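Going down the list, the sequences are from chains G and F. All residue numbers for the first sequence refer to our numbering, where the first residue is 21 and numbers rise by one. All residue numbers for the second sequence refer to our numbering, where the first residue is 21 and numbers rise by one. Here a beta-carbon is modelled for each residue, glycine too, at the ideal position from N, C-alpha and C. Because the structure is a prediction, the values reported are computed rather than measured.
There are 2 protein chains.
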Amino acid sequence: MKPPVSAADPLVLFMPSGKRGRFPKGTPVLDAARQLGVYVESVCGGRATCGRCQVVVQEGNFAKHGIVSSNDHISPKGPKEERYERVRGLADGRRLSCSSTIEGDLVIDVPQDTVINAQVVRKAATDRVFERNPAVRLCYVEVDEPDMHKPLGDLDRLKALLERDWGVKDPRVDAYLLPQAQKILRKENWGVTAAVHRDAESDRPSIIALWPGLHNEAYGIACDIGSTTIAMHLVSLLSGRIVASAGASNPQIRFGEDLMSRVSYVMMNPDGREAMTNAVREAISDLIVKVCAEGGVSSDDILDAVFVANPIMHHLFLGIDPTELGQAPFALAVSGAVHLQAEDLGLKVNRGARVYLLPCIAGHVGADAAAATLSEGPHRQDRMMLLVDVGTNAEIILGNSQRVVAASSPTGPAFEGAEISSGQRAAPGAIERVRIDPETLEPRFRIIGSEKWSDEEGFAEAAERLGITGICGSAIIEVVAEMFLSGIISEDGVIDGQLAAKSPRILQNGRTYSYLLHDGSPRITVTQNDVRAIQLAKAALYAGIRLLMEKQGITEVDTIRFAGAFGSYIDPKYAMVLGLIPDCSLDEVKAVGNAAGNGALMALLNRTHRREIEQTVQKIEKIETALEPHFQQLFVNAMALPNKVDPFVKLSEQVKLPPKKSPSDDASGSGEAVPRRRSREERAARRARE
Amino acid sequence: MKPPVSAADPLVLFMPSGKRGRFPKGTPVLDAARQLGVYVESVCGGRATCGRCQVVVQEGNFAKHGIVSSNDHISPKGPKEERYERVRGLADGRRLSCSSTIEGDLVIDVPQDTVINAQVVRKAATDRVFERNPAVRLCYVEVDEPDMHKPLGDLDRLKALLERDWGVKDPRVDAYLLPQAQKILRKENWGVTAAVHRDAESDRPSIIALWPGLHNEAYGIACDIGSTTIAMHLVSLLSGRIVASAGASNPQIRFGEDLMSRVSYVMMNPDGREAMTNAVREAISDLIVKVCAEGGVSSDDILDAVFVANPIMHHLFLGIDPTELGQAPFALAVSGAVHLQAEDLGLKVNRGARVYLLPCIAGHVGADAAAATLSEGPHRQDRMMLLVDVGTNAEIILGNSQRVVAASSPTGPAFEGAEISSGQRAAPGAIERVRIDPETLEPRFRIIGSEKWSDEEGFAEAAERLGITGICGSAIIEVVAEMFLSGIISEDGVIDGQLAAKSPRILQNGRTYSYLLHDGSPRITVTQNDVRAIQLAKAALYAGIRLLMEKQGITEVDTIRFAGAFGSYIDPKYAMVLGLIPDCSLDEVKAVGNAAGNGALMALLNRTHRREIEQTVQKIEKIETALEPHFQQLFVNAMALPNKVDPFVKLSEQVKLPPKKSPSDDASGSGEAVPRRRSREERAARRARE
């Protein structure tokens, strides 16, 4: 295929991939890109009509590469390119790579439309560029007219040209196209655009859609089906641009708030599975309508879809009874990647559209965790990365390019504000930031809807206007951590009743005490039970992390990624103070927003990412916390504030810890002696596990 | 895969394939067969439970192969095989090849259940043995139980075992199975039978059905959709046995008797295409119910289906508007083989069942002709074979392993008895055999329902009982040929009016004459128009054959095959007398019954036959008679009785031709001078072409 090259031929470097090679003068830039495996979109097949193959010449001396690149080294615009510029317009410096040829050394920039991670997670918009190699391509061909001497069928002649012009070998044709093909081929005088799907290199390609003439629009959806929220992106498969994003509540909530109650609903109701499957599919169909309207896109132009979800959402979406996932051994019906047609799921998109679901890692660690792994890439780097997605279960991935381990830990709903006496959802009037003076034990706080702290001028007006209504999710961690830092609660998590003498903020409730955060209406307090709930949740999370660290044989991690909403809300410093996460430089603790959604996007835009995550998931070592006898011990140890097992070398440099009350409690790192009075927590912990 | 072998290892020869190889002692016979590519069915995967892998040792000295084969050279029955024999029974000499090992030189007979071509065509039952390699296989595996340490999904563990035990690599799973898989796997304690479909070696296999435990039944249907009749076989994919056969009228007849009138119906009626598609699919569904009832088979066990049809039936069955096929350039929507799911066509069989349609050769030469080619195999032999399927169009294939050419010629319906004044369908009372005494011009004939000739004793009673009602299709050729042999009609096809003086059988009708075959009620005559209709039909057929012979550069053929009902009815001698077919030894003219149906069977039972016919069809040279200027001349020449262009060397030795009336007409082989008085026929011929 590649013509013989000599050292005298021009050297061409493509950016940002960095792929390079020598090509004889006169080689079209698009051909050179293809030969090097650089993905440059083209629908019209070099006819200079679709405008998808635009590139930019980078001028300058690239001494490191031995290239002096100049616009003189590319052929001047010919009549076809000039016609395109006249009719459709061509931005400054842009060239059609199909119509411009290599005439000297060149550095060619392949513009990658920036993928904008829209506001799925509050204040966590990230801009990322994904290299594209979608599973669906548009291929324009001009089919030969029928010839009685060579009576090949219309579709057979189409196939022959797809092979000749696009290298698509012997594709299957979707059944629904058979009755339509002849009219489509004749409508624009035998010019036709075929959408060709091919997931893996080893797959036979399929013609999944046909349009008369040049069709220049192809979209995909990337969707994260969460237990609470469904988030969807609509993306151009041709440019990689996110055209629209939308989210909706998962309507399955009416069948059960959390995952296990939905499994119970299926077990108790004969039609439960079907009702929940229909509910989530309808919600997804509604979201498709919504993103299409927002993006001005016809749903018929959606040709590919990638879904990620936790195992129970994954199964319910596919119509699989999740009962097995509700009990040991938590058997998935299918753990590998799933390939379907959109029709199988009743999705209202192009009739030939394909669907891909990322693999699940284990019965508690789903395709959403696989997608987050794909997005953050612990397996792509040498540093030890901890990736945590906190929900009712915390999904924990720990590893690097050598080895990745994964587990799920039952944190319960406390981190989401449930089971907290004054907890409420994030809404105007909810307390979102808290500081406690360690001397006076007086609090300062901020509420959602106002920039002022409670001790600043102007706060009273805001409080009057908005009300002070409760503590939102993000502030729960913060207030408990501040109570610890100010000495209100001990390392055991007990609110110190002796302080009631010092401060009216410490209130007695029978045998336990609580902290009065705001004496208004309602009265906002942090009770001993609230502290216990947070302790249990953080102990579960930390014990899971610690278990994986032991599997990896490490005592600290290099970098920490918080995926999901939780990570965006909380302040990493307080997460570390409370001992949710292991010791790590605070600079290396990052909230990455909807990493699962980003992973879905990557799999949508580049099918090689599908192979990457399939292979990675096969290699990930799955740790089932329920099978690890040591987990219980780690859990009990992690009840302390901060965790007993951590040396706190770095944390002590970053956060001022309270003075130790009792030197005997400071036997850090041992983890063997569990004081007698922890037995209640221990029992609670056991209950939480059962 | 194959272990290293030495010349000292036993030599094993498999019959009837003749494949052979050396294997170390102790190799299971089934493994040896697999390594040599000998197809031996096995569902249970060597557990000695399905009994599908039976073989027979042929004892004796096979000197030609250097093998002395003996039952001592195979291991004695072990406990598993003995258990099978006790429980299920094992015919004398049969062994389970999975459980018996090679201990010395062996000749192994792989019993091929005889495929009985049931009475699709009257008196043409043929027994044929097809080597089996179906696209769908049953694979029994015992799946590992779920393991929390290795949390692979249930289907993923099934896949792993399909690869380990059956070499099925990374199959896709049909979407409809996802919700069912977990229950199926658990029902028989993780024993499960998977139906795996793989059409081509290069295809990714698919799991299309699942059953709990060992499932030992898999069927396919082979169906020929004719314009008039739909014929179906139900076949065991495991044994190759035809379990039931049935036929039904094509209900599309109510929309139009012949193909062109059905195309017209589509063009005139907006819902015409849909109505005809539904009609044929319903008829096929009814036939499926019928063959399943007859064979005692559940339609849910039908996993594969092969259809053949002429191009217009093919398109209507697939839901494709056949309008393009009704006009030049007769463009097929699709000519290559078509792969579908039974669901796409609404067929009521197993939900995962697959459908395969053989390729069409050209706009007038369909998948039925391709199937007949596959069955008779001109491309598999060196002799020049003429394969003719006569209907409203005659499909003509001529060739050998070097080169195959094909054409369609518009014979019209005369051969089927339509447009013949006393023509009727084959039913009791119809004249089916005719002889005319060349001296007296008196006829003798036989009627369907009686063994007696009309001049024999006892005929009168039969005639009284049955009536003498008309001339059936097969007798039309015979009576015209006998009229020619007895001198009643001239070489020009004119009934000789001068004979009216000699015989009262010659009747005058205005300017033409007719022959009185039977003076009863009704009166049965052969008119000048009847003779002309037969002349036109045979001229079209013969001109098409002659055109292909010219393309091949030959003047005679080695062997002739008549496919379809027509070939079974007629006497080859009379076909040759009238000049329907070229000169050939009469021994080499054979009626092969429903060759198209046989070809469909072959493609059903052996997927390598699918590749064979796909490749053959690509190589067949398609001749469009309408584009050949020479065809008109051949047609006019072929109006004569016998054809002017044939030297009649062999025919003259086999059939006593009538004395020539006019020596000047005997300039055989010239074909240039068309006598003026043929101009009427010529005009008729042109009309027939337009």
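| query | result |
| --- | --- |
| Would you mind sorting residue 356 (chain F) into buried or exposed? The rule is 16 or more other CB atoms within 10 Å of its CB. | buried |
| Does chain F have any CB closer than 8 angstroms to the CB of residue 126 (chain G)? | no |
| I'd like the span of the alpha helix (DSSP H) that includes residue 485 (chain F), first residue to last. | 479-486 |
| What separation, rounded to the nearest whole angstrom, lies between the Cα atoms of residue 576 (chain G) and residue 36 (chain G)? | 34 angstroms |
| Tell me the rounded alpha-carbon separation between residue 639 (chain G) and residue 416 (chain G). | 15 angstroms |
| Using 10 angstroms around the beta-carbon of residue 460 (chain F), count the other beta-carbons present and answer buried if the total reaches 16, otherwise exposed. | exposed |
| Less than 8 angstroms between the beta carbons of residue 181 (chain G) and residue 161 (chain G), yes or no? | yes |
| Counting only Cβ-Cβ distances shorter than 7 angstroms, please list the residues of the segment 271-287 of chain G near chain F, keeping chain order. | none |
| Looking at the structure shown, is residue 651 (chain F) part of a helix, part of a strand, or coil, going by DSSP? | helix |
| Note down, in chain order, every chain G residue with its Cβ under 7 angstroms from the Cβ of residue 152 (chain F). | What residue 152 (chain F) touches in chain G: nothing, since even the nearest Cβ is about 24 angstroms away. |
| Residue 166 (chain G) touches chain C at which residues, Cβ-Cβ below 7 angstroms? | In the structure shown, chain C does not exist; the protein chains are G and F. |
| What's the call for residue 240 (chain F), buried or exposed, on a 16-neighbour Cβ count within 10 Å? | buried |
| Going by CA-CA distance only, name the one from F:102, F:53, F:163 and F:168 that's closest to residue 126 (chain F). | F:53 |
| What in chain F is Cβ-close to residue 175 (chain G), meaning under 9 angstroms? | 352, 353, 354, 355 and 356 |
| Taking the alpha-carbon of residue 244 (chain G) as reference, which of G:635, G:616 and G:660 has the nearest alpha-carbon? | G:616 |
| Return the CA-CA distance between residue 171 (chain G) and residue 642 (chain F), expressed in angstroms with no decimal places. | 7 angstroms |
| So residue 181 (chain G) contacts chain F; which residues on that side make the cut at Cβ distance below 8 angstroms? | Within 8 angstroms Cβ-Cβ: nothing; residue 181 (chain G) doesn't reach chain F, min ~14 angstroms. |
| Tell me which same chain residues have a C-beta within less than 7 angstroms of the C-beta of residue 492 (chain F), skipping the five on either side of it? | 437, 444, 445, 446, 450, 451, 452 and 468 |
| According to DSSP, is residue 535 (chain F) helix, strand or coil? | strand |
| Pick helix, strand or coil for residue 712 (chain G), following the three-state DSSP scheme. | Because chain G here runs from 21 to 710, residue 712 (chain G) falls outside it and cannot be looked at. |
| Can you name the residues of chain G whose CB is closer than 8 angstroms to the CB of residue 433 (chain F)? | Neighbours of residue 433 (chain F) on chain G: none; closest Cβ ~24 angstroms, over 8 angstroms. |
| Starting from residue 261 (chain F) and walking both ways along the beta strand (DSSP E), at which residues does that stretch end? | Residue 261 (chain F) -> no beta strand (DSSP E), and no H or E assigned at all. |
| Could you check whether the Cβ of residue 97 (chain F) sits closer than 8 angstroms to any Cβ belonging to chain G? | no |
| Check whether chain F comes within 8 angstroms of residue 564 (chain G), counting only Cβ atoms and requiring the distance to be less than that. | no |
| Below 7 angstroms on C-beta distance, what does residue 340 (chain F) contact in chain G? | 198 and 199 |
| Put residue 579 (chain G) into one of helix, strand or coil per three-state DSSP. | strand |
| Could you give the distance in angstroms between the alpha-carbon of residue 199 (chain F) and the alpha-carbon of residue 338 (chain G)? | 7 angstroms |
| Hey, would you say residue 39 (chain G) sits closer than 8 angstroms to residue 122 (chain G), going by beta carbons? | no |
| Who are the near neighbours of residue 129 (chain F) in its chain, counting only those whose CB is closer than 6 angstroms to its CB and skipping five residues on each side? | 35, 76 and 78 |
| So what does DSSP say about residue 335 (chain G), is it helix, strand or coil? | helix |
| Give the residues of chain F in contact with residue 383 (chain G), contact being defined as C-beta atoms less than 8 angstroms apart. | 168 and 171 |
| Would you list the one or two residues that DSSP bridges to residue 405 (chain F)? | F:419 and F:579 |
| Could you check what DSSP says for residue 367 (chain F) in three-state terms: helix, strand or coil? | coil |
| Grab me the residues of residue 65 (chain G)'s own chain with a C-beta within less than 6 angstroms of its C-beta, minus the 5 sequence neighbours each way, in chain order. | 160 and 185 |
| Would you say residue 231 (chain G) lies against chain F (beta-carbon separation less than 8 angstroms)? | no |
| Since residue 324 (chain G) and residue 154 (chain G) should fall inside the 8 angstroms C-beta cutoff, what is the C-beta to C-beta distance between them, to a whole number of angstroms? | 7 angstroms |
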